[in-house]
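Q:
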Amino acid sequence: MVAKISTGKTIGGVIRYNEQKVKSGQAKLVQMGGFAVKNLTVRDKIQSFEKVQNLNTRTKTNAVHISLNFSPEDKVDGYILQKIAGDYLKGIGFENQPYLLYQHFDAAHPHVHIVTTNISSSGKRIETHNLGKVLSEQTRKQIEQRYDLVKAEEQRKQKVNLLQPLEKAVYGKRETKASISNIVQEVTRSYQFTSLPELNAVLGQFNVGAYRGEKESDMFKNKGLVYSVLDTSGNRVGVPVKASSMYCRPTLARLEKLFLRNKEARKQHRETLLGVIHGVLQNSSSLEEFTSKLRIEGIKPLVRFSEEGRLYGVTYIDNVNRCVFNGSALGKELAANALSVRFSKEYILSDPSEREQEVKQEIKITGQETEQGTRIPSLEISLTSYQPEDPTPYELRQKKKKKRRKRIQ
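One gets our numbering by counting positions in the sequence shown from 1 and adding 84 to each.
1. Suppose you measure from the CA of Ile164 to the CA of Val425; what does that come to, to the nearest Å?
2. Where does the unbroken alpha helix (DSSP H) through Phe304 begin, and where does it stop?
3. Unbroken beta strand (DSSP E) runs of length 3 or more, entirely within the stretch 266–348: which are they?
4. How is Asn153 classed by DSSP in three states: helix, strand or coil?
5. Output yes or no for whether 8 Å exceeds the beta carbon distance between Gly207 and Asn140.
6. Go to Leu357, then tell me how far its alpha helix (DSSP H) extends in each direction, as first and last residue.
7. Could you tell me which residues DSSP pairs with Tyr400 in its beta bridges?
8. Can you tell me whether Gly293 is buried or exposed? The criterion is at least 16 other CB atoms within 10 Å of its CB, across all chains shown.
9. Taking Leu339 as the reference, which of Gln352, Glu300, Pro281 and Leu395 has the closest Cα?
10. Here's the rule I'm using: 16 or more other beta-carbon atoms within 10 Å means buried, otherwise exposed. How should Asp402 be labelled?
11. Cutting at 8 Å between CB atoms, please list the residues of its own chain near Val114, excluding the five before and the five after it.
12. Can you check which of these residues, Lys105, Ser90, Tyr183 and Leu152, is closest to Val136 by C-alpha distance?
13. What residue range is occupied by the uninterrupted beta strand (DSSP E) comprising Leu113?
14. Check the DSSP bridge columns for Leu395 and list the partner residues they point to.
15. Classify Lys384 as buried or exposed, calling it buried when 16 or more other Cβ atoms lie within 10 Å of its own Cβ.
16. Using 10 angstroms around the beta-carbon of Thr145, count the other beta-carbons present and answer buried if the total reaches 16, otherwise exposed.
17. Considering only the alpha carbon of each residue, which of Tyr311, Gln229 and Thr200 lies closest to Asp158?
18. Hey, quick one: how far does the beta strand (DSSP E) through Leu185 stretch, first residue to last?
19. Kindly confirm or deny that the stretch 372–387 and the stretch 354–363 touch, where touching means at least three C-beta pairs closer than 8 Å.
20. Exposed or buried, which one is Arg320 when buried takes at least 16 other CB atoms within 10 Å?
21. When the distance is taken between beta carbons, is Tyr396 closer than 8 Å to Gly411?
22. Assuming Thr375 is part of the alpha helix (DSSP H), what are its boundary residues?
23. Along the chain, where does the beta strand (DSSP E) that runs through Thr200 open and close?
24. Take Ser368 and list the residues in its own chain whose beta-carbon comes closer than 8 Å to its own, dropping the five residues that flank it on each side.
25. Using the three-state DSSP reduction, which class does Gly92 fall into: helix, strand or coil?
26. Alpha carbon to alpha carbon, how far is Lys105 from Asn266? Give it in angstroms, no decimals.
27. Which word fits Thr201, buried or exposed, when buried means at least 16 other C-beta atoms lie within 10 angstroms of its C-beta?
28. If you compare alpha carbons, which of Val313, Lys217, Tyr331 and Gly308 is closest to Val86?
29. Just to confirm before moving on: does the CB-CB distance between Gly177 and Ile210 stay below 8 Å?
30. With C-beta atoms as the reference, is Ser151 less than 8 Å away from Lys88?
31. At a cut-off of 7 Å, is Asp171 close to the ligand SAH when judged by its beta-carbon and the heavy atoms of the ligand?
32. Taking the straight line between their C-alpha atoms, what separation do you get for Ser370 and Phe409?
33. Express the C-alpha separation of Val268 and Glu237 in angstroms, rounding to a whole number.
34. What's the C-alpha gap between Tyr275 and Leu344?
35. Any idea if Gln181 is buried or exposed, counting beta-carbon neighbours within 10 angstroms, 16 or more meaning buried?
36. CB-CB under 6 Å to Thr278, same chain, minus the five flanking residues each way: which ones, in chain order?
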């Protein structure tokens, strides 16, 4: 069992998130602890918690959201989940707190969400500092033994392709904001990416994209960010959703902090990913075969072409270890230039329609500027654009520089 605890300042947002899951058929409310009346509206539930929280107005961080995640091998029905939730709350000192227990069905593994507060009926604040490292870990181990559950350490080793549980966003099929929010929350929580283009590479698999606006716009200058549903061609459709209005608040400021943390965290997966890609590359005679074999290994390569059909960029999405690397970050031999040379004959003979299929999740931005300020006309690139790799081999660039120096002399 894996337990995750998060705290916040708005109990309403936590409850609405779970209730939206219930409304869309992705969850159900299985237990209400500490409530005298059971048939309550969403507003009634929020007000019940707020009455308790108002007993201590000094404490601003007063909402607690806990998820208990089980292995697919664990046999846990609704009754067992209620018992486990009760034992867990008792173990962390929340046995007398009101709580709502939701069972979710939006992932491949069984899991529940617990909504509660750290303000007691006497108005005292229950300490949550290091709650996860101390009481939660101790309680988790006891529950695993008591109910014969797969241990958290083993569960973390069983990497699961995230593409299985997450449903792609389809405009008009479900409430847009809830659909986008669910996908963005899971991706930002589970994947290690170090830039907005890398995040968009992952989100694109689920028909969602993040967009900062044009460089000249006020939104871009003010570091604004919106999320949109993408159609099958990668174009944004429908009304975009502001990052600041979403439950998980995936704003640019928060993402930039994630970029820094992920840069270090993803290093542990680099060598494993390198080994898999090199092994596939050695046994591939064409780009199509290379990308196809990588997908079988749970790695989604995003290759980017110019209008002339020249490969100028590649990004590898590891959906097993849940990390993203640009080709150049893995080494010159896996960057666009090296792949272009290795499969050059295939590029000349390949059908342009097949190349379009490789990038159908990427978005069209005509005349979009890159981070370096270079204009790229009508390229198939991802949202705020990838930073294109120089298509000119290093050795040729050096020769050009020498020729220019001679002419100057």
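C-beta atoms are modelled at their ideal positions from N, C-alpha and C, and glycine is treated no differently.
A: Result, derived from the coordinates:
1. Start at 1 with the first residue of the sequence shown, and residue 164 comes out as number 80. Start at 1 with the first residue of the sequence shown, and residue 425 comes out as number 341. Spanning the alpha carbons of Ile164 and Val425 requires a straight line of approximately 58 Å.
2. Residue numbering aside, residue 304 sits at position 220 when the sequence shown is read from its first letter. Asp302 to Lys305 is the span of the alpha helix (DSSP H), which, as asked, contains Phe304.
3. List check, beta strand (DSSP E) in window: 292–295, 310–314 and 320–326.
4. Counting from one through the sequence shown, the residue named residue 153 turns up at place 69. The answer is strand: DSSP assigns Asn153 an E or B state.
5. For this step, residue 207 is matched to residue 123 along the sequence shown. For this step, residue 140 is matched to residue 56 along the sequence shown. Yes. Within cutoff.
6. Taking the first residue of the sequence shown as 1, we reach residue 357 at position 273. Taken as a continuous stretch (DSSP letters only), the alpha helix (DSSP H) holding Leu357 covers Lys351 to Gln366.
7. Translated into the one-based positions of the sequence shown, residue 400 becomes position 316. Per DSSP, Pro385 and Phe409.
8. Numbered from 1 along the sequence shown, position 209 holds the residue referred to as residue 293. Counting Cβ neighbours within 10 Å, Gly293 comes out buried, since at least 16 surround it.
9. Counting from 1 along the sequence shown, the entry for residue 339 is found at position 255. Minimum Cα distance to Leu339 is reached at Pro281.
10. Numbered from its first residue, the sequence shown carries residue 402 at position 318. Asp402 sits buried, since 16 or more C-beta atoms from the chains shown fall within 10 Å of its C-beta.
11. Locating residue 114 in the sequence shown gives position 30, counting from the first residue. Spatial neighbours of Val114 in its own chain (CB-CB distance under 8 Å, excluding positions within 5 residues in sequence) are listed in chain order as Gly162, Leu165, Gln166, Leu185, Tyr186, Gln187 and Val196.
12. Counted from its first residue, the sequence shown places residue 136 at position 52. Of Lys105, Ser90, Tyr183 and Leu152, the residue nearest in Cα terms is Tyr183.
13. Translated into positions along the sequence shown, residue 113 becomes position 29. In this chain, the beta strand (DSSP E) harbouring Leu113 covers Ala111 to Gly117.
14. The residue labelled residue 395 in the question sits at position 311 within the sequence shown. Looking at the DSSP assignment, Leu395 forms a beta bridge with Phe389.
15. On the sequence shown, residue 384 is found 300 positions in, with the first residue counted as 1. When all chains shown are included, Lys384 counts as buried.
16. Translated into the one-based positions of the sequence shown, residue 145 becomes position 61. Counting Cβ neighbours within 10 Å, Thr145 comes out exposed, since fewer than 16 surround it.
17. Here residue 158 refers to the residue found at position 74 when the sequence shown is read from its first residue. Ranking Tyr311, Gln229 and Thr200 by CA distance to the CA of Asp158 puts Gln229 first.
18. Locating residue 185 in the sequence shown gives position 101, counting from the first residue. Segment Tyr183 to His188, the beta strand (DSSP E) holding Leu185.
19. They touch, by the three-pair rule.
20. Numbered from 1 along the sequence shown, position 236 holds the residue referred to as residue 320. The residue in question, Arg320, is buried, as its Cβ has 16 or more Cβ neighbours within 10 Å.
21. Numbered from its first residue, the sequence shown carries residue 411 at position 327. Numbered from its first residue, the sequence shown carries residue 396 at position 312. In this structure, Gly411 sits away from Tyr396, with a CB-CB distance that is not shorter than 8 Å.
22. Position 291 of the sequence shown holds residue 375. Counting along the chain, the unbroken alpha helix (DSSP H) around Thr375 starts and ends at Leu371 to Ile380.
23. Translated into the one-based positions of the sequence shown, residue 200 becomes position 116. Boundaries of the beta strand (DSSP E) around Thr200: His195 to Thr201.
24. Translated into the one-based positions of the sequence shown, residue 368 becomes position 284. Same-chain partners within the cutoff: Phe374 and Lys377.
25. Reading the sequence shown from its first residue, position 8 is the one you call residue 92. The answer is strand: DSSP assigns Gly92 an E or B state.
26. Taking the first residue of the sequence shown as position 1, residue 266 is located at position 182. Taking the first residue of the sequence shown as position 1, residue 105 is located at position 21. Distance between the alpha carbons of Asn266 and Lys105: 9 Å.
27. By one-based count along the sequence shown, residue 201 stands at place 117. Counting every other CB atom within 10 Å of its CB across the protein chains shown gives Thr201 a total of 16 or more, marking it as buried.
28. Taking the first residue of the sequence shown as position 1, residue 86 is located at position 2. The shortest Cα separation from Val86 among Val313, Lys217, Tyr331 and Gly308 belongs to Lys217.
29. Residue numbering aside, residue 177 sits at position 93 when the sequence shown is read from its first letter. Residue numbering aside, residue 210 sits at position 126 when the sequence shown is read from its first letter. Less than 8 Å separates the beta-carbon of Gly177 from that of Ile210.
30. For the purposes of this step, residue 151 is taken as residue 67 along the sequence shown, with counting starting at 1. For the purposes of this step, residue 88 is taken as residue 4 along the sequence shown, with counting starting at 1. In this structure, Lys88 lies closer than 8 Å to Ser151 by Cβ.
31. Of the ligands one can find in the structure shown there are none, so the ligand SAH has no counterpart to examine.
32. Here residue 370 refers to the residue found at position 286 of the sequence shown. Here residue 409 refers to the residue found at position 325 of the sequence shown. Ser370 and Phe409: Cα-Cα distance of roughly 21 Å.
33. As a working mapping, residue 237 is identified with position 153 in the sequence shown. As a working mapping, residue 268 is identified with position 184 in the sequence shown. The straight-line gap from Cα to Cα measures roughly 26 Å.
34. The residue labelled residue 275 in the question sits at position 191 within the sequence shown. The residue labelled residue 344 in the question sits at position 260 within the sequence shown. If I take the Cα positions, the gap works out to 13 Å.
35. Residue 181 sits at position 97 when you count from the first residue of the sequence shown. Gln181 is buried by the Cβ-count criterion.
36. For the purposes of this step, residue 278 is taken as the residue at position 194 of the sequence shown. In chain order, Phe343, Asn346 and Lys347 place their CB closer than 6 Å to the CB of Thr278, counting only its own chain and leaving out the 5 sequence neighbours on each side.
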